[in-house]
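Residue 548 is where the sequence shown starts when you use this note's numbering, and the numbers rise one by one after that. By construction, the Cβ of each residue, glycine as well, lies at the ideal position given by its N, Cα and C atoms. Computed from a prediction, not measured in an experiment: that's the story for all the values here. See below for the structure under consideration.
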Amino acid sequence: MISVIEIIKVIVLGIVEGITEWLPISSTGHLILVNEFIKLNMTDAFMEMFNVVIQLGAIMAVVVLYFHKLNPFSPKKNRKEKMDTMQIWFKVVVAVLPSAVIGLLFDDWLDEHLYKPIVVALMLILYGILFIVVENRNRRRRPSTRSFETLSYGTAIGIGMFQLLALIPGTSRSGATILGGILLGCSRYIAAEFSFFLGIPTMFGASLLKIVKFGLAFTSTELIVLILGMVVSFVVSIIAIKFLLNYIKNNDFKVFGVYRIILGILVIAYFAVKTFLA
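Below is the structure:
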């Protein structure tokens, strides 16, 4: 049986995932760091899989919130609206191909060499700086893409290339794609929504890969931990997505850049002290 303490730990991890998956501050990076202080009594192989598959709960929040908008077969849509919805999906599929191919080829290498606190810290700082620089650069620029109808396939592929950067932990999948979308002329709102949609096939694919590698022989405790983590991340993700979309209507992303820089510095300081005292 799983203890109450372990249940609380899973809930905390689910909350962290639900918040950080959509805010551009790196969910995988935060989970790696939180695991330093809140260690589940599970095997390393399970935790490697858990840190990815827990994101399925967050992705289901997008499916629920955007079900009508992303459903090309809705009887409430006319022919043009259905075609526009199909176009969104075509652009998502095109955009997801680069990370799908590279992620499949280099998944083991990335896990072995890059899933380290120092890498997370450096990426937090680097992309924090980039968010501030890009927002300052775009302060007086009017975005050229303000709807999905005007989002070109070239721009979609470009955003997909930015998603490749998120294979490095600490980068943030949403952060890289939102940043890429803004740089390529998208409004913050369109960049954020396209990032959400892009996450559906990306995270379903990544989760399937991790589950296949781990195997389906879950113990009852492992299954409870995984399901609970996904349910919590689902509920928290709905709140986080709504918050972000309301926030960016009148604000930019610089506050997230500042947060990333401060967190990255704290992480480096923490592990420097830990190494010194070891």
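Between the Cα of residue i and the Cα atoms of the options, which residue gives the shortest distance?
{"i": "L578", "options": "I552, F695, S719 and Y700", "result": "S719"}
{"i": "K760", "options": "P716, M607 and A592", "result": "A592"}
{"i": "K509", "options": "L677, V599, T692 and I747", "result": "The requested residue 509 is not part of the displayed model; the chain covers only 548 to 825."}
{"i": "K796", "options": "E583, L587, R693 and T632", "result": "R693"}
{"i": "L612", "options": "L792, N625 and T590", "result": "L792"}
{"i": "V610", "options": "T822, F823, F743 and L775", "result": "F743"}
{"i": "I809", "options": "N625, L673 and K821", "result": "L673"}
{"i": "S780", "options": "A608, V581 and M589", "result": "A608"}
{"i": "M589", "options": "F765, F818 and R687", "result": "F765"}
{"i": "D799", "options": "I679, R689, L824 and I758", "result": "I679"}
{"i": "F637", "options": "N625, G701, V581 and N683", "result": "G701"}
Apart from the five residues just before and just after residue i, which ones in its own chain have a Cβ nearer than 7 Å to its Cβ?
{"i": "I729", "result": "V681, N685, R735 and A738"}
{"i": "G752", "result": "A647"}
{"i": "D654", "result": "L756"}
{"i": "L657", "result": "L714"}
Between residue i and residue j, which are expected to be in contact by the criterion C-beta below 8 Å, what is the C-beta distance as a whole number of angstroms?
{"i": "A668", "j": "G804", "result": "That belief does not hold up - the Cβ atoms of A668 and G804 are roughly 15 Å apart, past 8 Å."}
{"i": "L711", "j": "C733", "result": "Not confirmed; about 18 Å, so no contact."}
{"i": "L587", "j": "M596", "result": "That belief does not hold up - the Cβ atoms of L587 and M596 are roughly 12 Å apart, past 8 Å."}
{"i": "I706", "j": "G727", "result": "5 Å"}
{"i": "K629", "j": "P619", "result": "5 Å"}
{"i": "I585", "j": "A787", "result": "Going by Cβ atoms, the distance from I585 to A787 rounds to 20 Å, so no, they are not a contact pair."}
Less than 8 Å between the C-beta atoms of residue i and residue j, yes or no?
{"i": "A642", "j": "L745", "result": "yes"}
{"i": "S646", "j": "L714", "result": "yes"}
{"i": "S784", "j": "G604", "result": "yes"}
{"i": "E583", "j": "S574", "result": "no"}
{"i": "L617", "j": "T632", "result": "yes"}
{"i": "I552", "j": "M750", "result": "no"}
{"i": "Y806", "j": "I572", "result": "yes"}
{"i": "V600", "j": "L773", "result": "yes"}
{"i": "I549", "j": "I725", "result": "no"}
{"i": "P664", "j": "V557", "result": "no"}
{"i": "F709", "j": "I635", "result": "no"}
{"i": "Q602", "j": "S754", "result": "yes"}
Suppose the cutoff is 6 Å on Cβ atoms and the five residues either side in sequence are ignored; what does the same chain contact list for residue i look like?
{"i": "I576", "result": "Correcting the residue identity first, residue 576 is Gly in this sequence and not Ile. Excluding sequence neighbours, G576 sits near V667, P716 and G717."}
{"i": "S691", "result": "G732"}
Is it buried or exposed for residue i, if we count other Cβ within 10 angstroms and need 16 for buried?
{"i": "K789", "result": "exposed"}
{"i": "E568", "result": "buried"}
{"i": "P622", "result": "exposed"}
{"i": "G776", "result": "buried"}
{"i": "Y675", "result": "The amino acid at residue 675 is misidentified as Tyr; the sequence shows Gly. Looking at its Cβ environment, which holds 16 or more other Cβ atoms inside 10 Å, G675 is buried."}
{"i": "V820", "result": "exposed"}
{"i": "L570", "result": "buried"}
{"i": "N598", "result": "buried"}
{"i": "L824", "result": "exposed"}
Quick one: residues in its chain with C-beta nearer than 8 Å to the C-beta of residue i, no 5 flanking neighbours on either side, listed in chain order?
{"i": "V778", "result": "G561 and G604"}
{"i": "V512", "result": "No information on residue 512 is available, as it lies outside the stretch 548 to 825 that the chain covers here."}
{"i": "E769", "result": "M589 and F593"}
Does the beta carbon of residue i fall short of 7 Å from some heavy atom of the ligand MN?
{"i": "R626", "result": "The ligand MN is not among the ligands present in this structure, which contains no ligands whatsoever."}
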